[in-house]
Each structure stands twice: as C-alpha cells, then as structure tokens.
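Undergrad:
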Amino acid sequence: MKTRYLAHMTSPEVEALNKKDGVVVLPIGAIEQHGPHLPLITDTMIATQGLNATLAALSEDVKVWALPPMSYGKSNEHINFAGTVTLSAATLTAVLHDIADSVARAGFRRLAFLNCHGGNMPVLNMVARDIRVATGLMTFCIHGLHYGNPSFGLSAEEMRYGLHAGETETSLILAMAPELVKMDLAVKSFPAFPETDTDLFFFGTASAAWLADDWSETGVYGDATKGTAEKGEILLETAVESLSKLFTVISTFETAHGEKNDSN
Ligand SMILES: [Zn+2]
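If you're matching positions, the sequence shown starts at 1035 in the numbering used here and goes up one per residue.
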C-alpha cells in the first residue's frame, strides 16, 4: 500500500482511491497547559503519534487514511494558564463541518475523529451526528487511545482523579518526546473534589462545570511523578492493539441500510 497520509498524496491519487471501504481519520488534540513539566502540545502529540503508530501496525488491506491533525481544540477550562490556545465551541464546530464537507466531496464514505482532549468530547459527539445528517458520511468519535487500565496498574486515585497531565500523559510524552518533559518539575496533585453520597463529579451523570485552576494550583490532576517512558511504551502498545481492531471494524462498517442510500 502507498502512503496512508492523505496530505502526502496528489489530488489525482486521492481521486483514484477506491473509497467504498475505508475511513478517513482526523486526529484532534489541544494546545493547552499540562502543568509545569509537560508541553502545551501534549494532547495533539498523543493523538498524532498514537495514530501514526497504529497506521504503521495495521495490515495493508485495512483502508485507513489520515488527515493532518486538528491541533487546536476547545480548551477554555485551561484559559487561566498562559500558553493555552482555545477555539470556541462555535469555531470548532464550524471547522469540523468544513473539513467533513471536504472529505465527503472527495467521495469518502466514513470519517472518524481520534480525539485526545477531554474538553473536545461534547462538541465532537454533537458535531458527529450533525455531519452525518448534513453529508451522509458515517461519522465516528474515538475518545482517547483506549488503553484502559494498563498492565502496570494505575492506582484507584489515579483512575478516578488522574484527569490531566498525570501518570499516563506524562508517561506517553516521556516515550514520545522525552526532550520536552521536565521531570524535575513534575508534581503529584489530586483535586480535593468534595465526595458526597451523590454522583456529582467532574463528568458523568451529574457534573459541575470546572476550570482547571478551581482544583489545582499547578494545573496537574494526577501523580505526574510516577510517569516513566517504559509505562508510556506499554500504553502505546496497548493503544495500537485496541485502535487497530477498532479501525479495522470501522473501515468497513455499514448501517442496516448498507449502501442503499449511498451514491458510491
Ligand atoms: Zn492532555
């Protein structure tokens, strides 16, 4: 198979692709504070490199094509920290619609978002359905790299409160770009979110809209000091395995109506 990167192809090459099967993947991240030790580009790097590693491992007959990353996301929960660059929900929505229109115009049938920033989730879930209605594209939301609770085991505290710049993100960037990590500045910081006998939490069925500085001086939610490159490699390997399966399924996914409503 030739390249899986759409932007590396020529226009006639894209035109000539057999698009009956196959999915176009848009990696989406954020440029936002990740504590005193991780770079602003953390989420975009995790989405891009997670996708790159998965594409390299996919079997050749699985048709997955990658778009260049959407580097900016909706990050206004981090707006009180310098360096955060955020799009409004309206801007992000409009950009995603324009990208989806272009993907549909080229004749593709499926579009997947590989999103590695929590703040983008509600926007993407909403936009995906609107894109489906507006373009007919089968549209998929994949949130995070799908490594679950990894084999090295995360503490219960990290599983519940390790939302941001904690053990997993620190480990992933140590594996992907160690020169950008300042481990001497890494901190352990779990938010003192009031535990009540209700479901009220940062997200879920009952949530409080939160800003990162409501619960953390440093912007870290988790124990960044426990991050290691070895753990990052394990997370990445696990992600490649689960994302490969997911992309394989999505690349030939059909609704109950199959291609009946499709012009291709
Ligand atoms: Zn992040």
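C-beta atoms are modelled at their ideal positions from N, C-alpha and C, and glycine is treated no differently.
With distances taken Cα to Cα, identify the nearest neighbour of isoleucine 1065 among Asn1086, Met1043, Lys1036 and Met1104.
TA: Closest option to isoleucine 1065, Cα to Cα, is Met1104.
Undergrad: Name the two residues that bound the continuous beta strand (DSSP E) containing alanine 1146.
TA: Unbroken beta strand (DSSP E) run through alanine 1146: 1144 to 1149.
Undergrad: Whole angstroms is fine: what's the gap from leucine 1280's alpha carbon to threonine 1078's?
TA: The alpha-carbon atoms of leucine 1280 and threonine 1078 are separated by roughly 20 Å.
Undergrad: Pull up the DSSP beta-bridge partners for proline 1061, would you.
TA: In DSSP, proline 1061 forms a bridge with Leu1148.
Undergrad: When you compare each of Leu1245, Lys1216, Glu1275 and Ala1226 to threonine 1076 by their alpha carbons, which one comes out closest?
TA: It is Lys1216 whose Cα lies nearest to the Cα of threonine 1076.
Undergrad: How would you label alanine 1220, buried or exposed, when you count the other beta carbons within 10 angstroms and need 16 or more for buried?
TA: Alanine 1220 should be labelled buried.
Undergrad: For alanine 1243 and phenylalanine 1236, I'd like the C-alpha separation in whole angstroms.
TA: Near 7 Å, if we compare the C-alpha coordinates of phenylalanine 1236 and alanine 1243.
Undergrad: Roughly how many angstroms lie between the CA atoms of methionine 1172 and arginine 1166, to the nearest whole one?
TA: For methionine 1172 and arginine 1166, the distance between alpha carbons rounds to 6 Å.
Undergrad: With DSSP as the reference, label leucine 1085 as helix, strand or coil.
TA: DSSP places leucine 1085 in helix when its eight states are reduced to three.
Undergrad: Please classify serine 1297: does DSSP put it in a helix, a strand, or coil?
TA: Bear in mind that a pLDDT of 47 at serine 1297, under 50, signals an unreliable position, so the number given afterwards is only what the model happens to contain. Residue state, collapsed to three classes: coil.
Undergrad: Please say whether serine 1223 and serine 1205 have beta carbons closer to each other than 8 Å?
TA: In this structure, serine 1223 does not lie closer than 8 Å to serine 1205 by Cβ.
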